[in-house]
Amino acid sequence: MTAQVMPVNAGDGTATHMHEAQASHWSGVFAMTLCVFALIASEFMPVSLLTPMATDLQVTEGMAGQGIAISGAFAVLTSLCISRIAGRVNRKTLLLVLTAMMCLSGAIVGLAPNYAVYMVGRALIGVVVGGFWSMMAATAMQLVPPSKVPSALAIFNGGNALATVVAAPIGSYLGATVGWRGAFFCLVPIAMVAFVWQWASLPSMRPQPRAPGAGNVFRLLKNPVVAVGMLAVGLFFMGQFALFTYLRPFLETVTAVDVSTLSLVLLTVGVSGFIGATVIGWFLSKGIYRVLAIIPLLMAVIAVSLMVVGTSVAATTALMGAWGLVATGAPVGWWVWIARTLPHDAEGGGGLMVAVVQLSIGLGSTVGGLLFDHQGYTSTFSFSAGALVLGAIMVLMTWGAERRHTRQRGH
């Protein structure tokens, strides 16, 4: 997933068992951060390697892009059931199993003799994504005292943000030097180091008592504010990844860039995205709904502009830099919204958010790939722009639903 800030879970039953005097396990925090880095890099590595992967596996670029779709689908399924599993299994054991699965996924993809085996490897990384992100906040609360939980989550997010910056350009570079299989193999030793580090540094985290019904995230959709807000989230990520998944084929065929220029464009997106995630907090403090509505509208304008000036390297690079700058701020804003809207049930809201985001990424990359293969990039980019505009409209509807809900509570 793109750069995220996980909310502190005020409603988690484990919080009642924690106090400021508890031991801090900062080595475990940094071990998990390394794991997050490898995880996010693994999830989105295909974005910069679609062309060579498609050629080697003898499929279309759209079919190769479905590797992101299937990882998203399995992340959805995992995020919806991991809460129940985490309520019965030691969290350390569960995290180690997920990390081992990430190692296995990288090896399977790197050795894949055909498209079917490649998709199996991508399904495994989806399971890891859904499980890791859904447990992140609750795990932080067991590693450090309550007052330090925001710092731990910020460190986790640092691994995410770093992977977002470097995954695409490094993937493109490695694909050109050691091949796309070598690029995936490079992630395996990183995941292995993360496994050993977590095994040595994480404390035993036994299941804690939980509130009745805590495992059912769908109950939150009874709140109209949450229901409409999740629809807005889904449309945003669908529109974003319908375009971003097929950026490399667009840059190679329309903008006609070489490998080094491709890496530079992707690095521009990553660096501007890191900057966007860093400064978005100030803008959110001025009005969260305004920001969440403006961001997809700006991205829709960029998508349309790429169809007009996409043959210009300079213009395309500038537009993709602007895309990265605004796109990474939206997930941060939505996590702030979750924490504000569901202050006493942030774990359930977080699990639901992970499911919606991953499902939307999968749908966006699937529809985008089908359009790209059969009607060309203009249809893919038009679909992206349309979904983003609808997302902005749903943000405004969420704002209205919240105001109505506030007035009703006031009466």
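In the working numbering, the protein residues as written are 125 to 535. Even glycine gets a Cβ: it sits at the ideal position worked out from N, Cα and C.
Checklist entry - Where does Asn-284 land, buried or exposed, given buried means 16+ other C-beta within 10 angstroms? => result Asn-284 sits buried, since 16 or more C-beta atoms from the chains shown fall within 10 Å of its C-beta.
Item to check | Stretch pair the segment 381-389 + the segment 289-300: three plus CB contacts closer than 8 Å | outcome: These segments touch.
Checklist entry - Can you list, in chain order, the stretches of the beta strand (DSSP E) that have 3 or more residues and sit fully within the segment 198-286? => result Runs of the beta strand (DSSP E) spanning 3 or more residues and lying entirely within the segment 198-286 do not occur at all.
Checklist entry - What residue ranges within the segment 156-182 form continuous alpha helix (DSSP H) runs of no fewer than 4 residues, ordered along the chain? => result As far as the segment 156-182 is concerned, its whole alpha helix (DSSP H) runs of at least 4 residues are 174-181.
Next on the checklist: Mapping the DSSP letters down to three states, classify Met-142 as helix, strand or coil.
Outcome noted: Because Met-142 sits at a pLDDT of 40, beneath the cut-off of 50, its placement in the model cannot be relied upon, and the following sentence gives the value as read from the coordinates. Coil at Met-142, not helix or strand.
Checklist entry - Under 9 Å, do Thr-369 and Gly-189 count as touching if we go by C-beta distance? => result Against a cut-off of 9 Å, the Cβ pair of Gly-189 and Thr-369 comes out as a contact.
Next on the checklist: When you compare the CB positions of Ala-451 and Gly-397, do they come within less than 9 Å of one another, or not?
Outcome noted: Yes; because the gap between Cβ atoms is below 9 Å, this pair is in contact.
Checklist entry - Does the separation of the CB atoms of Phe-161 and Ala-276 fall below 9 Å? => result No, these two residues do not count as a Cβ contact at 9 Å.
Checklist entry - How close, in whole Å, do the beta carbons of Ser-229 and Ala-479 come, if the pair is a contact with beta carbons under 8 Å? => result With a Cβ gap of about 20 Å, Ser-229 and Ala-479 do not count as contacting.
Next on the checklist: Which residue marks the beginning of the alpha helix (DSSP H) containing Pro-373, and which one marks its end?
Outcome noted: Taken as a continuous stretch (DSSP letters only), the alpha helix (DSSP H) holding Pro-373 covers 371-374.
Checklist entry - What did DSSP end up calling Met-329 once you bin it into helix, strand or coil? => result DSSP places Met-329 in coil when its eight states are reduced to three.
Item to check | Cut-off 7 Å between Cβ atoms - residues of its own chain near Thr-157, not counting five sequence neighbours on either side | outcome: Result list for Thr-157: Ile-279, Phe-280, Gly-282 and Gly-283, in chain order.
Checklist entry - Does the Cβ-Cβ distance between Gly-493 and Thr-504 come in under 9 Å? => result For Gly-493 and Thr-504, yes; Cβs fall inside 9 Å.
Checklist entry - Secondary structure at Val-302, three-state DSSP: helix, strand or coil? => result Coil at Val-302, not helix or strand.
Next on the checklist: Could you tell me the alpha carbon to alpha carbon distance between Leu-163 and Ala-224, rounded to whole angstroms?
Outcome noted: Cα to Cα, Leu-163 sits roughly 11 Å from Ala-224.
Checklist entry - Do you know offhand how far Leu-218's Cα is from Leu-476's? => result Approximately 20 Å between the Cα atoms of the pair.
Checklist entry - Quick one: what does DSSP say Asp-382 is sitting in, helix, strand or coil? => result In the three-state scheme derived from DSSP, where H, G and I count as helix and E and B as strand, Asp-382 is classed as coil.
Checklist entry - What residue from Val-317, Ser-489, Ala-417 and Gly-515 has the CA that sits closest to Asn-226's CA? => result A small fix is needed here, since residue 226 is Met in this sequence, not Asn. The candidate whose alpha carbon is nearest that of Met-226 is Val-317.
Checklist entry - Would Val-147 be called buried (16 or more neighbouring beta carbons within 10 Å of its own) or exposed? => result According to the sequence provided, residue 147 is Ala. The question's Val does not apply to it. Its Cβ having fewer than 16 others within 10 Å, Ala-147 is exposed.
Item to check | Residue closest to Trp-523, alpha-carbon to alpha-carbon, out of Pro-327, Gly-448, Gly-353 and Ser-436 | outcome: The residue with the shortest Cα to Cα distance from Trp-523 is Gly-353.
Checklist entry - Using a threshold of 8 Å, is the CB atom of Leu-355 nearer than that to any non-hydrogen atom of the ligand ADP? => result Inclusion of the ligand ADP in the displayed structure is not the case, the ligand content being empty and no account of it being possible.
Item to check | Segment limits, alpha helix (DSSP H) that includes Leu-466 | outcome: In the DSSP assignment, Leu-466 falls outside any alpha helix (DSSP H), carrying neither H nor E.
Checklist entry - For Gly-83, does the three-state DSSP call read helix, strand or coil? => result Any property of residue 83 remains undetermined from this structure, which presents the chain solely from 125 to 535.
Item to check | Per-residue DSSP class, three states only, for Thr-530 | outcome: In the three-state scheme derived from DSSP, where H, G and I count as helix and E and B as strand, Thr-530 is classed as helix.
Next on the checklist: Give me, in chain order, the residues of the same chain whose beta-carbon lies closer than 7 Å to that of Ile-426; leave out the 5 immediate sequence neighbours on both sides.
Outcome noted: So the list reads Leu-443, Ala-446 and Trp-447, once near-sequence residues are dropped.
Checklist entry - Taking Arg-305 as the reference, which of Cys-205, Trp-406, Arg-528 and Leu-181 has the closest Cα? => result Closest option to Arg-305, Cα to Cα, is Leu-181.
Checklist entry - Would Ala-292 be called buried (16 or more neighbouring beta carbons within 10 Å of its own) or exposed? => result It is buried - the Cβ of Ala-292 has at least 16 other Cβ atoms within 10 Å.
Item to check | Ala-451 (DSSP reduced to helix, strand or coil) | outcome: If DSSP states are grouped into helix, strand and coil, Ala-451 belongs with the helices.
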